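Structure first, then comments.
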Amino acid sequence: MDRRQALPSATPAYASQNRAGRSAAPRPTATLPSSPVGSAASSALSASGDLGPYSHIRHGSMGGIGARGAASRINAPSLSEVQDPLPSTSRSAAPKFAKQGPGLYSSLKSTYSHSASRPYAAVPGDPHDERSSLHYASAGPEADDFLHNPDYKRGYSGHFDGGRISLRGLLNVGTLIILVLGLLGLFAGYPILAHFEELNGQLPTGLNGSGQLPIVVNALNLRDHDTPPEAWSWKNPDGEDYHLVFSDEFEVPGRTFWPGDDPYWEAVDIWYGATKDYEWYMPEQINTTSGYLQITMSDRPTHDLNFRSGMLQSWNKFCFQGGYIEYSAILPGSPDTQGWWPGAWLSGNLGRPGYLGTTEGTWPYSYSGCDTGIRPNQTTPDGLPESISTAKLYGKTGLSWLPGMRYSSCTCPGEDHPGPSNDVARAAPEIDVLEAQTQKGVGQASQSLQVAPFDVGHKWIQNAATIYDESSGVSNIPEKAYELADNPTFTSFGLEYSPDFELNGGGFLTWYVDGKPTWRMDGKSMPANPDIGVGQRHVPTEPMSIVINFGISQGFQNVVFDTLNFPATMKVDYVRVYQKNGQPERVSCSPPDHPTSAFIERHKDVYYNPNVTVWPKAWPKNSLVDGC
Numbered sequence: 001m002d003r004r005q006a007l008p009s010a011t012p013a014y015a016s017q018n019r020a021g022r023s024a025a026p027r028p029t030a031t032l033p034s035s036p037v038g039s040a041a042s043s044a045l046s047a048s049g050d051l052g053p054y055s056h057i058r059h060g061s062m063g064g065i066g067a068r069g070a071a072s073r074i075n076a077p078s079l080s081e082v083q084d085p086l087p088s089t090s091r092s093a094a095p096k097f098a099k100q101g102p103g104l105y106s107s108l109k110s111t112y113s114h115s116a117s118r119p120y121a122a123v124p125g126d127p128h129d130e131r132s133s134l135h136y137a138s139a140g141p142e143a144d145d146f147l148h149n150p151d152y153k154r155g156y157s158g159h160f161d162g163g164r165i166s167l168r169g170l171l172n173v174g175t176l177i178i179l180v181l182g183l184l185g186l187f188a189g190y191p192i193l194a195h196f197e198e199l200n201g202q203l204p205t206g207l208n209g210s211g212q213l214p215i216v217v218n219a220l221n222l223r224d225h226d227t228p229p230e231a232w233s234w235k236n237p238d239g240e241d242y243h244l245v246f247s248d249e250f251e252v253p254g255r256t257f258w259p260g261d262d263p264y265w266e267a268v269d270i271w272y273g274a275t276k277d278y279e280w281y282m283p284e285q286i287n288t289t290s291g292y293l294q295i296t297m298s299d300r301p302t303h304d305l306n307f308r309s310g311m312l313q314s315w316n317k318f319c320f321q322g323g324y325i326e327y328s329a330i331l332p333g334s335p336d337t338q339g340w341w342p343g344a345w346l347s348g349n350l351g352r353p354g355y356l357g358t359t360e361g362t363w364p365y366s367y368s369g370c371d372t373g374i375r376p377n378q379t380t381p382d383g384l385p386e387s388i389s390t391a392k393l394y395g396k397t398g399l400s401w402l403p404g405m406r407y408s409s410c411t412c413p414g415e416d417h418p419g420p421s422n423d424v425a426r427a428a429p430e431i432d433v434l435e436a437q438t439q440k441g442v443g444q445a446s447q448s449l450q451v452a453p454f455d456v457g458h459k460w461i462q463n464a465a466t467i468y469d470e471s472s473g474v475s476n477i478p479e480k481a482y483e484l485a486d487n488p489t490f491t492s493f494g495l496e497y498s499p500d501f502e503l504n505g506g507g508f509l510t511w512y513v514d515g516k517p518t519w520r521m522d523g524k525s526m527p528a529n530p531d532i533g534v535g536q537r538h539v540p541t542e543p544m545s546i547v548i549n550f551g552i553s554q555g556f557q558n559v560v561f562d563t564l565n566f567p568a569t570m571k572v573d574y575v576r577v578y579q580k581n582g583q584p585e586r587v588s589c590s591p592p593d594h595p596t597s598a599f600i601e602r603h604k605d606v607y608y609n610p611n612v613t614v615w616p617k618a619w620p621k622n623s624l625v626d627g628c
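Quick note: the sequence shown uses UniProt numbering, first residue 1, plus one each step.
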């Protein structure tokens with residue numbers, strides 16, 4: 001039986017009560033509710049016959065008040081009771097409705113064409129054909145038809161052209177790609193380029209903060225491109241040739257030395273408590289101007305101290321083992337100014353100057369023995385030898401007030417140690433190239449090696465030394481080297497030294513002022529001393545960092561404030577380092593024979609905190625004191 005037959009005329013079974021619980025009147029079966037559509041719908045119904053209780057839905061005659069309004073006028077059946085009036089191609093059940101002819105659908109078209117609220121109207125023809133069921137009420141096609149006009153052949157929007165991409169689509173995709181690449185270049189590429197073009201304080205090469213670029217001599221050794229060719233080599237008084245491995249001419253103005261500003265230098269922000277200085281060291285007191293480095297001492301109260309100045313270090317950035325280093329400087333004040341303490345010196349990289357936790361137990365040892373020399377105060381627990389414990393020096397009793405050597409050559413296996421192995425003694429010695437002082441109106445350069453353990457009276461074997469200036473135990477500084485001189489002139493202060501790598505008393509140190517040697521000290525000047533139970537001391541083998549500072553301290557010499565004028569400046573024209581031709585270059589702060597980087601990384605909480613004044617961790621055990 002064709003499903004498109006007449007609707008059944010029987011009234012469907014309805015519930016006997018409505019939602020309010022009251023008895024419901026029988027639903028009408030042939031009478032259409034009143035509608036504002038007009039007589040067209042009524043005539044259509046009379047022509048089509050009885051449609052049962054669904055006639056108001058099939059004919060669209062809901063009075064323009066919506067489904068909820070129609071339900072309020074007629075007791076509508078539940079959804080489960082409504083039967084689908086349209087055919088289904090997938091069902092074989094007998095159809096419930098018969099086709100009634102065009103009159104019915106003509107009336108539907110008339111009904112919907114009179115409703116201003118509906119954009120579509122029924123079209124004549126087969127109601128089961130998707131192409132003829134609806135059409136636009138407008139007179140012709142609209143500009144956006146392609147967006148919502150279904151394609152019954154393909155089953156998707158007709159504007160999609162079979163998978164082909166238009167030129168406009170390609171341009172859109174290309175634009176998106178360009179935008180993405182541009183954003184990646186801006187937020188990823190540019191920072192990477194800037195990283196290599198600008199200063200990186202941990203790199204051995206690169207631009208500094210003001211654009212100065214060192215020239216690479218080889219993979220590790222660097223020299224400033226402003227160093228004149230005649231300064232690329234140096235010859236000692238014995239005629240031995242040295243070549244330049246590092247230099248900084250300070251020619252570019254405006255350089256600063258805050259942490260991260262420079263690949264070779266860093267200005268510290270500390271109080272130098274080891275010598276109880278009167279000033280606070282601040283990075284802002286150091287810069288470059290007019291072709292030189294300038295450190296300024298100001299009488300501005302800072303951190304409860306009356307003065308501020310600067311200390312520049314190459315710690316953990318540039319170090320070297322042996323060679324010749326030369327500073328060219330103009331010193332603050334005049335020869336009769338008493339109280340300034342300008343310095344240019346070297347420090348073992350295992351200790352960071354001014355960070356007392358790192359220097360406790362390491363400064364200023366240069367020693368490979370395992371005897372009384374590594375003990376606290378250089379004495380046994382019983383206070384022996386008596387000559388040490390009862391010695392009088394600098395108004396104090398005792399030869400040494402050091403806490404002992406932390407990393408001796410007899411450190412127990414498995415204990416914390418810088419390496420390369422626990423049987424290699426490690427420490428942080430000091431070599432002073434210049435500590436300027438004044439004596440009776442004459443400027444003098446104190447040039448010395450600070451090394452422990454000590455001899456009685458801090459004396460050394462002077463017959464193993466050569467004194468070039470017999471008139472003084474220290475070297476005189478030319479008057480021209482001071483900023484208040486009539487014609488201030490940069491003056492050189494130098495040190496040539498050869499480490500005792502064999503640990504047998506070899507090596508030497510020679511100091512220079514104004515290009516001339518002042519005195520020389522051989523490793524044999526520090527031999528073993530059985531009377532106090534210590535062995536050979538050594539010309540330092542540790543990688544040495546460079547320090548330049550300008551301080552005031554009563555611990556160095558008596559300060560006469562009436563002779564001091566503020567502000568005062570220490571100027572440095574250059575720093576140059578040379579090493580001997582034909583020998584391996586040693587310019588690392590962490591060389592294989594004396595590594596420091598891994599140890600510093602393990603203990604950076606101490607190396608980067610100046611407020612830690614003692615080593616806060618357990619000292620490693622050694623076979624002499626603790627047993628292994």
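Ideal placement from N, C-alpha and C gives every residue a C-beta, glycine not left out. Predicted, not measured: the structure shown is a model, and the values here were computed from it.
Asked                                                                                                                                                         : Found
Measuring CB to CB, does P335 end up less than 8 Å from E479?                                                                                                 : yes
Leaving out five residues on either side along the sequence, give the residues of the same chain with a beta carbon under 6 Å from the beta carbon of P259.   : E266
Hey, out of S408, P527, E430, D248, whose CA is closest to V456's CA?                                                                                         : P527
Using beta-carbon positions only, say whether G494 and Y482 come within less than 8 Å of one another.                                                         : no
Scan the segment 580-627 and note each continuous alpha helix (DSSP H) run of 4 residues or more that stays entirely inside, going in chain order.            : 597-602, 604-607
Can you give the beta carbon distance from P353 to P342, rounded, assuming they're within the 8 Å contact cut?                                                : Not really, about 15 Å apart at Cβ, beyond 8 Å.
Buried or exposed: where does N609 fall if 16 or more other Cβ atoms within 10 Å of its Cβ makes it buried?                                                   : exposed
For Q579, count neighbouring Cβ atoms within 10 angstroms of its own Cβ and tell me buried if that reaches 16, exposed if not.                                : buried
Is the closest heavy atom of the ligand PLP to the C-beta of T372 under 7 Å?                                                                                  : As presented, the structure is devoid of all ligands, the ligand PLP included, so that no description of it is given.
For G505, which residues of its own chain have a beta-carbon under 6 Å away from its beta-carbon, when the five flanking residues on both sides are left out? : G523, K524, Q536
I need the DSSP call for V442, collapsed to helix, strand or coil.                                                                                            : strand
Using the beta-carbon count (16 or more within 10 Å), is I177 buried or exposed?                                                                              : exposed
Classify Y367 as buried or exposed, calling it buried when 16 or more other Cβ atoms lie within 10 Å of its own Cβ.                                           : buried
By the three-class DSSP mapping on this structure, what secondary structure does D562 have?                                                                   : helix
Looking at the unbroken beta strand (DSSP E) that takes in L293, where does it start and where does it end?                                                   : 292-297
Under 8 Å, do H243 and N581 count as touching if we go by C-beta distance?                                                                                    : yes
Among residues of its own chain, excluding the 5 on either side of C370, which ones have a beta-carbon nearer than 8 Å to its beta-carbon?                    : S408, S409, C410, N622, S623, L624
Note down the Cα distance separating residue 630 from T275, rounded to an integer number of angstroms.                                                        : This structure cannot settle anything about residue 630, because the visible part of the chain is limited to 1 through 628.
Tell me whether P191 sits in a helix, a strand or coil according to DSSP, three-state version.                                                                : helix
For the beta strand (DSSP E) that N549 lies in, which residues bound it at each end?                                                                          : 544-552
Between I477 and P595, what straight-line distance do the alpha-carbon atoms span, to the nearest angstrom?                                                   : 37 Å
Compare the beta carbon distance of Y272 and V433 with 8 Å and say whether it is the shorter of the two.                                                      : no
Expressed to the nearest angstrom, what Euclidean distance is found between the alpha-carbon atoms of G291 and S247?                                          : 14 Å
Under a Cβ-count criterion, where at least 16 other Cβ atoms within 10 Å of its own Cβ denotes burial, should K617 be classed as buried or exposed?           : exposed
Who are the Cβ neighbours of Q450 in its own chain at under 6 Å, not counting the five residues just before and after it?                                     : P364, E430
By a C-beta neighbour count over all protein chains shown, 10 Å radius and 16 as the cutoff for buried, is I192 buried or exposed?                            : exposed
Checking 8 Å against the spacing of the C-beta atoms, do D277 and G551 come in under that value?                                                              : yes
According to DSSP, is V268 helix, strand or coil?                                                                                                             : coil
Give a yes or no on whether the C-beta atoms belonging to E279 and F307 are separated by under 8 Å.                                                           : yes
Put R168 into one of helix, strand or coil per three-state DSSP.                                                                                              : helix
Could you tell me whether the Cβ atoms of G398 and R375 are closer together than 8 Å?                                                                         : no
Are there three or more Cβ pairs, one per stretch, closer than 8 Å when the segment 412-429 is compared with the segment 560-579?                             : no
Look up P499 in the DSSP assignment and say whether it is helix, strand or coil.                                                                              : coil
Can you tell me whether L134 is buried or exposed? The criterion is at least 16 other CB atoms within 10 Å of its CB, across all chains shown.                : Unreliable positioning characterises L134 in this predicted model, as indicated by a pLDDT of 49, which lies under 50. The coordinate reading is nonetheless provided below. Exposed.
Here's the rule I'm using: 16 or more other beta-carbon atoms within 10 Å means buried, otherwise exposed. How should Y401 be labelled?                       : Here the sequence assigns Trp to residue 401, which means Tyr is not the residue at that position. Counting Cβ neighbours within 10 Å, W401 comes out exposed, since fewer than 16 surround it.
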